[in-house]
Structure formats: structure tokens, C-alpha cells
Amino acid sequence: MILQAPRYTQQSMVDPAGTKAALVDHFWHFLITTASIVTAIVFIALLIALFKRHRPVEPEEPAVQRSLTRWVSASVAVTLVIIVVFLFTDFRLGRAIATVPNRTPLRVNVIGHQWWWEFQYPDSVPNNWISTANELHIPVGRPVVLNMSSPDVIHSFWVPNLSGKKDLIPGHQTETWIEADSAGVYRGQCAEFCGLQHAKMAMLVIAEPEAKFDQWVLASRATATEPADSTAKAGGQVFLTAGCSVCHAIAGTAAGATVGPNLTHFGSRHSIAAATLPNNRGNLGGWILDPQRIKPGAQMPPNGLDPDQLNAILAYLEGLK
Amino acid sequence: MTATARVETLVEPELDLELDAVWRNRPGFIGWLTTTDHKSIAKRYVATAFIFFLLAGVEAATMRAQLSRPENGILGPDRYNQFFTMHGTTMMFLFAVPVMIGVGLYLVPLLVGARNVAFPRANAMGYWVYLIGGVLIYGGFFVNSGPDAGWFAYTPLSGPEFSPGKRVDIWAQMITFTEIAALIAAVIIITTAFRMRSPGMSLNRIPIMVWASVVMSFMIIFAMPSVATASLFLAMDRLISTHFFNAAEGGDALLWQHLFWFFGHPEVYIMFLPGTGIISSLLPSFTRRSVFGYPALVLSIIATGFIAFGLWVHHMFATPLPQLGQSFFTAASALVAIPNGIQIFCWIATIWTGRPIFRTPLLFAIGSIIIFVMGGMTGVMIASVPFDLQVHDTYFIVAHFHYVILGGVVFPLFAGMYYWFPKVTGRMLSETAGKWNFWLMFIGVHATFFPMHQLGMEGMPRRVYTYLEGTGWGDLNLVASLGALVIFSSVVVFLGNVIHSLRHGAIAGANPWDAESLEWATTSPAPSYNFANTPVVSGRAPLWESGDELPVMTGLARDRQQVLLTTVLDAEPDSRHDHPGHTIWPFIVALTIGIFFITLIFSPWGLPIGTVLGFIAYARYIWPKKSHEPAIVELPRSVPAAEVPK
Chain A
26 MILQAPRYTQ QSMVDPAGTK AALVDHFWHF LITTASIVTA IVFIALLIAL FKRHRPVEPE
86 EPAVQRSLTR WVSASVAVTL VIIVVFLFTD FRLGRAIATV PNRTPLRVNV IGHQWWWEFQ
146 YPDSVPNNWI STANELHIPV GRPVVLNMSS PDVIHSFWVP NLSGKKDLIP GHQTETWIEA
206 DSAGVYRGQC AEFCGLQHAK MAMLVIAEPE AKFDQWVLAS RATATEPADS TAKAGGQVFL
266 TAGCSVCHAI AGTAAGATVG PNLTHFGSRH SIAAATLPNN RGNLGGWILD PQRIKPGAQM
326 PPNGLDPDQL NAILAYLEGL K
Chain B
13 MTATARVETL VEPELDLELD AVWRNRPGFI GWLTTTDHKS IAKRYVATAF IFFLLAGVEA
73 ATMRAQLSRP ENGILGPDRY NQFFTMHGTT MMFLFAVPVM IGVGLYLVPL LVGARNVAFP
133 RANAMGYWVY LIGGVLIYGG FFVNSGPDAG WFAYTPLSGP EFSPGKRVDI WAQMITFTEI
193 AALIAAVIII TTAFRMRSPG MSLNRIPIMV WASVVMSFMI IFAMPSVATA SLFLAMDRLI
253 STHFFNAAEG GDALLWQHLF WFFGHPEVYI MFLPGTGIIS SLLPSFTRRS VFGYPALVLS
313 IIATGFIAFG LWVHHMFATP LPQLGQSFFT AASALVAIPN GIQIFCWIAT IWTGRPIFRT
373 PLLFAIGSII IFVMGGMTGV MIASVPFDLQ VHDTYFIVAH FHYVILGGVV FPLFAGMYYW
433 FPKVTGRMLS ETAGKWNFWL MFIGVHATFF PMHQLGMEGM PRRVYTYLEG TGWGDLNLVA
493 SLGALVIFSS VVVFLGNVIH SLRHGAIAGA NPWDAESLEW ATTSPAPSYN FANTPVVSGR
553 APLWESGDEL PVMTGLARDR QQVLLTTVLD AEPDSRHDHP GHTIWPFIVA LTIGIFFITL
613 IFSPWGLPIG TVLGFIAYAR YIWPKKSHEP AIVELPRSVP AAEVPK
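Chains as they are written, first to last, in my numbering: chain A, 26 to 346; chain B, 13 to 658.
In C-alpha cells form, the structure reads like this:
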């Protein structure tokens, strides 16, 4: 379990933290260098053409025509060579990033919902199956194969520091892989327009050393922590009676719905509302009372809890480490 | 002045009165509804499209205001989604394609020396259908029923389950309207260009602008049926619960993407090719030489038209597709740079051996080349699957296609506006205002869209109504929003220039730029019948080659609307054809089409009611006139052009 502040990296494709993103970043340098040179040559030619001293030439004269034809043909030939080099480099890179490294990968199911991410860690033992939301834990240095699907509309999985996109399409199973080469928290965001809260459908990928990751897996397999005090206990009751359990599940309690995020280990998450707000008491209280203010259109309705109920449920949820 | 001398051969006072009586629009409001004059209709296309351009611009400016700061509150998600959907839909379907169609409908007959377009009634009907479609979707938008599933309307988000209400239905029907209008215009432009050219204008002498319009039209004919099918399937999924795109019932969400992008990518070139045509046709006037490499330019335009149909999957690289298949689309996407490169190299060669005259149209043409080259560079980059997977659906793509479309469509269009405004109105636009217009727009475009490359690489996705403070995207977004203000002010300068010049602009005369092509061989504005006598051409630059006198051909009837048809390859006089004249029925047929599709949004009764009304109106529209003469008179082939018998 990570309690200390993790290293947050700015969401960016030019600050790679994984194999695939690094290859593409490298390719980008090739692209921008070539493009800058070509653009500069074209612009210089254009400027000279515009501002050179225009001696009275007879443009239809055969010598002028021949010389122009030679220059234009040479430019086209150079363009063609650049394109061909580009294509071969690109095809090699394409095959490299499509191939999962030949080590035992971790497999995770990614399910896109309007407007949050569900991550399932399948296991042959049903009790060991982990379901969590908006935070994808992965071990550093081990490829992770993501099996992706969507029950509603098309979403697209994208964590720019680690890898490019893959769409989640209803009726299709899609697959991609990621690998982090250093520990850290990498933000990702849905990249295919998916409705009202497409803008606030983000996630955090938390990459940890293998041993730490294994600890997280063991902790996550456990059922929910028992409430520590009477307030939290009361909060558990509010959870079951005030309507929360219609959508959410907490393993080890009667709440088992799968409409919204699984909250079994909610207290250990960094953020709420699909990586929109830091997970603290104030944000959580505001979210529970009126999610529509933070994410208009979100599926979670406002909850008219009185202050005691709110206090209790906050204590309960915070205790779900 | 030689230009005047030339025009005089084409305008004869007594002939003018006679022909004008036959060709001119009827007076008053009725005349406005009944006209089949290509110039009146084309002006409406351009003016209507420009109003839609302004509306889409206001939408863009509002979105930029919302995005100027993180977590801004100007537009909520529901409004924002309507705004960006309307912005894209308007710019693509209601501005870019119709405005290029309008430019084509105005110029093609004048460039080939014809009196009107082919199928003049259908031309009128096409405009009315387009107008009804545009008014429908903005009607919906103004009562908070604007579409909100994106201009690309991906299923299942746009399907019945995730987009209840009428918003997407209105969108799908609007698409149908603009398809009908575009298809009609495409057939008209092709027929006009292939059968109504002046004698002597063989295929190798057709002005490049006409070639560009013809290729655009062929592309419309091949691309539009695909989106017609798609939008019909979507409408049926929504209205009568078919399941074309519903995975749960055996349909496929990806089917929509293939059908849509098979249209959607060629659409880019449908807008862009006429833009290149505009540049090729005004360069000679401002470099004082005919454009270099005519065959290469024409073949490049045609090649682009073909390759454009092999690129659509590059919009779908993140969907599950086999890698080998993707490679073909990568190759095609990169290779389209070759024909486009050829055009740019030929233009530079033209300027190189010419004598540039820095008037506003040339400035916009140069701006177009600069911006388009930058957009083209990122275009080749995103042909790469691995690179595209990173920048796909981010602001990098927003930057890329705005560079391409502003460089390839908007700048050439403004160049064309400054260039042909005197021909259309008889008055010049102000040069001073024109230069302000150019520099503001040129600076504004870079300020707005260049930072977006960086934003996309820093991970900012498209179509987001807001972003969090912690993302660090605030500053660049602010720069982009300020840039949008600069673009907006440039358009205001343009509007002011147009309004002022319409009344106070310098009188243009027939050929103010001393240009080479036929549209300048008649008065400005052109008379209702375009040319009193049909010009006869013997080269690619008729006004520069013919000396003082442009040869003409006489022999067309003066007492009715008669046009000359010539052969496809060599433009030899073939037959005379009587046009039906001005009529109200195209307008009424368009109305019944409107009733059909709009009623269908709300009730299945639209189908029988619209069909019956449409049938009646169309029957009246095509009802043969009582006439003692056949509508088409064959001409004997062996008669030289100048001596066609009356």
C-alpha cells in the first residue's frame, strides 16, 4: 500500500516512462528534424522566388522550361526518397511496438464506462479476482497486456507517458500492452469522445516495483476492512440503506452491485470521480452530496444526506483501506 | 486599352437588350424565387455559406473563451458538446463544401465561355435544398436541440440508446439535405465542363480551376453515397429500430466509421482541390506569366482525387485492424504528399520566373502555401501508425487539420474573394483593408493553432469542455484563445471591406488584373447572358494570346435561352440546346423534399405525405413545354466554328 506521495509526472508523450512511448518519442525527433529541414527549404525557395531580382525572362522559352522542369522533378524525387525512408522506418517501428515482449505478461481487463475506468485483475480462483476503478496498478519492468471492452459507447485508453491509444468498442474485444520502466504515477485520459463527461474520464497508472505491487495485490484481494469505530459503523449502515449499494459493491458486505465503481478499498485511492479530484474528506463530501456540480451529467445522483449521515459515511469510506 | 477592346467585341448594345430580355431574372421577390441564372444561385451559395462560416466562427470563439482557463464556466458540457458538433458540422457540410460548390457554379460557365450551367433548374433546386438543411439544423440549435454527438457522430454514442431526443435525428437529416445539394451541383459542374465549353477549348486547354471543380465533383459523386448510406442507416436505427450499428443485435459500431470516413477523408480533398484551383488561376495575373507545369498540375489534381479514397482508415488506427492493412493506408496517406508537393513546386517555379505583384490575392495565395506546407508536414507524420496512436484525437490533430484547411481552403478562398469580387460586383475591394485582413488572419492562425501541437503532445485530448488546473495546459490555451480573437478581428475587417466596397469601391472595369482567362472577357459584373457571342479559344490563355480581338462565334437564338453544346474532347460545336428559363418549380420541389425529411423526424407519416407532394411537384417541374421546335438541334459537324448557321 502506498501512503507516501508518489512521483506525479505531467501527462505527456515527450516525457516517456515506458518502452512504447520511448520508441515513439525517438521517432518524433526524427520526424520533427526532417520536417523542419524540408519546410525551411521550401520557405527559402518561396522567399527567393518572391524577392529575387526579376530580370525580364521569357517564361515560355525552352531553356527556361527545361531548367524549371529539372528543378521541379528533382524536388519531387527528393520528396519521394524522404517518404520512402519515412515509410520503412515507420513500418519497423510499428512492428516493434505491436509485439509484446517475450516475458510473462500481467493480464488486466480494462472496461470503459460512461465516465470511469474499471480495472479487473482476473485470477483462476474467483475470490482472488480484483476489481478496482480509475487506478491501474502495474509492476515496473513487466509487460502488462490489457484486454479491453466497453458496455456502453466507444472510449479510448491513453496514457501518453507509457503508450499510444487503443479504442474500447462495444461488441469488440481489443488488446494493447504497456510497460513502465520507472516507478511513478502516470495520468491518462479517455481519448475518444464519449458524451457529457468525456473531459473528466481520467485515470492514474501507478507503477511500483514488483514486490510492492505484489503487496498491493494481496491487500486488494482481501475483503473490506471492518469499521474501526461507531461512527464508521454507522456509516456502513448509511451505505447500505441510503441507496449507495444500488450501484456500488464493497466486498465482505451486502453491497454487491456492479453499476458503479467497486469501493472495497476506496480509502487507499488517490483520487475520486475518475481522477478529477484528490481523495480527501472535503472533496469526497462534496462529491457524495452533489456529483452533478463536479461532473454534470454523471450517472451518480445527488444524495440528500443529513450532516450526521454524511460524517458517518465519510468516516466509513475513508476507513476502507 | 486592349482589355476594353476585347470586351467590346463581346458586348453589342442592341444585342444586349435582346438577350437581356430573355435571360434576366424576373423582377421582385418572385424573380428571386424563380431564377435559374447560375450567377444569382452561386452568389447565394457563397453568401449563405459565408453566413454559416460566421456562425461557426462565433461557435469557435465561444469555445476558445471556455478553454482559455482551466475549469472555466462559460459553457457547460451539454452546451459545449453542441457547440463543437455544430462548429464541425457547419464548417464541413454548410460552409466548406457549399462555398466551393458556389465558387465552381459561378466560375465554371464563365471560365469555359458558356451562358449558363447545364441543368439550370436542378441548380436552383440544389440551392434551396441546401438552405432548408442549414436552416433546419440551426433552428434545432437555437432551441437547444443542436446535435451533440460530434460532426462524425460515432455510433453507438449517436444511436438511440445514448442520444435520445431529436438532436441527432436533425443532424442526420441535415446531412441528407446537403448530400442532395452537393450531388446535384456535382453533376451540373461535370456536365457544364465537359459539354458546354467554348469552341476550341479542348481538354488540354481547360482552365485549372475548372479541372479542380470537375475532380471535386467526381469525388462528391463517389464519396457522398457512402455517407448517404451511413446517415440513412443511422436514421433508421434511431427512428424504426433497425440495428445496423447495434452490436447487441448483430450490428457493428465500426461499420459506421468505415462508411463515414470513406466519405469523410475524400471530403477534405473535396474542399481542398478547388482551393488549389483558385491559386493556380490567380497566380498568372500576379506573376505575369501562365502557370508553370499545366499537365503536371492537372494530373496532380486527378491523382489526389484518386489517392484520397485510399486514406480513410488513418482515422481509425486505434480500432482493431490488422497491421498489414494499416500499412497500406499509411503508405497512401504519405504518398498523397507527392501530388500536393508537385503543385507547390510548380507554383514556386511560376513565381520564380514571373514578376510578382504584391496585391492582396497574391498575399493570401502565399499565406496559403506557407500554412498548407506546415499542415502537410504534420499530415505525413500522422500517417505513421505509432505516432498517430499518440497524437490521435488530441489537439495535435486539431492543429494539423486547421493548418491544412485554413491553408488549403480558407486562405485560397479569401484570395479568390479579393480576386473575383470585381468580376462579381463590378467594384474592387480595398487593398489597404485587404492587407490588414491578410496579416491579421495570418498571424491569428499561427497564434491560435501552433500552440495546439504542443498541447496535443502534452496530452490534451480533443472535444473536452474543460481541463483541470494541474494539467498545465492553461497558458498555451490562453495563447490559442487570444489568437482566435485576432482571426475574428481579421474576418470583421473583411466584412467591413466588403460592405464598404460594395458601394464605394473603385469601379473595376472588365479586366482589372489584366488576366488571361475567359471570365474577364465580359463586363463586370457579367451580364445575365454572360457573353453576347460565344468566344472561340485557341490556347490556354485566351485573353493573352488573342491580341486585341477575341474571335467569337455567332448563331445562338436571341429569342429564347439557348446554349451551345460542344464535344467532350475537342470542344467542337455539336448542338444547340434550349434551356427552360426561370421557373418557380425547383423551389417548390425543394420544399416538398424539406417537408418529407423534416416530417420524418417526428412521424413516419412524413414518408407518404412527402412522397405524394414531391411526386406532384416534380411532375409539374418536368412537364414538357408545348413547343414547335425540338429542344436540341444537332449541328452539322463539318461547319467551322465561326460560321455556325442560325
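Glycine included, every Cβ here is placed at the ideal spot set by N, Cα and C.
Beta bridge counterpart(s) of residue i as assigned by DSSP
i: L161/A; result: V230/A
i: N134/A; result: Q145/A and N172/A
i: R212/A; result: L229/A
i: R439/B; result: I519/B
i: I155/A; result: Y146/A
i: V184/A; result: S188/A
Own chain residues within Cβ distance below 7 Å of residue i, not counting five before or after
i: V6/B; result: Because chain B is modelled from 13 through 658, residue 6/B falls outside the range shown and cannot be assessed.
i: T309/A; result: Looking at the sequence provided, one finds Leu at residue 309/A rather than Thr. These residues qualify, in order along the chain: I297, L339 and L342.
i: F64/B; result: T102, L106, F107 and G146
i: L143/B; result: T60
i: G277/A; result: T248 and A249
i: W163/B; result: T97, G100, T101 and M104
i: R439/B; result: S513, L514, G517, A518, I519 and A520
i: W141/A; result: A158, N159, M226, P286 and A299
Coarse secondary structure for residue i, derived from DSSP in three states
i: W202/A; result: strand
i: K144/A; result: Residue identity check: residue 144/A is Phe in the sequence provided, not Lys. Residue state, collapsed to three classes: strand.
i: S255/A; result: helix
i: Q269/B; result: helix
i: P585/B; result: strand
i: Y118/B; result: helix
i: K55/B; result: helix
i: I179/A; result: coil
i: M565/B; result: strand
i: T102/B; result: helix
i: L333/B; result: coil
i: S615/B; result: coil
Neighbour-count burial assignment, residue i, 16 or more Cβ in a 10 Å radius
i: H327/B; result: buried
i: S175/A; result: buried
i: Q198/A; result: exposed
i: L309/B; result: buried
i: A337/A; result: buried
i: Q222/A; result: buried
i: D405/B; result: buried
i: T14/A; result: Residue 14/A is absent from the structure shown; chain A starts at 26 and stops at 346.
i: I62/A; result: exposed
i: E204/A; result: buried
Any C-beta of chain A under 8 Å from that of residue i
i: N93/B; result: yes
i: Q335/B; result: yes
i: R179/B; result: no
i: D90/B; result: yes
i: A265/B; result: yes
i: L393/B; result: For the sequence presented, residue 393/B should be read as Met rather than Leu. Yes, because at least one Cβ of chain A sits closer than 8 Å to the Cβ of M393/B.
i: T187/B; result: Per the sequence shown, residue 187/B should be read as Ile rather than Thr. Output row for I187/B: interface = no.
i: G622/B; result: no
Sequence-distant residues of its chain with Cβ nearer than 6 Å to residue i (five each side left out)
i: A235/B; result: F275 and P278
i: F399/B; result: M393
C-beta neighbour in chain B for residue i, strict 8 Å
i: T256/A; result: no
i: A70/A; result: yes
i: S37/A; result: yes
i: F24/A; result: Outside the displayed span of chain A (26 to 346) sits residue 24/A, for which this structure offers no information.
i: S181/A; result: yes
i: I218/A; result: Per the sequence presented here, residue 218/A reads as Phe, with Ile not at that position. With 8 Å as the cut-off, F218/A counts as an interface residue toward chain B.
i: S100/A; result: yes
i: L221/A; result: yes
i: Q214/A; result: yes
Residues of its chain near residue i, where Cβ-Cβ distance is below 8 Å and the 5 sequence neighbours each way are ignored
i: I621/B; result: I607, F608 and T611
Problem set entry | Residues, ordered as in the chain, of the segment 397–414 of chain B that lie near chain C by beta-carbon distance below 8 Å | Considering every chain present, this structure includes no chain C. Its protein chains are A and B.
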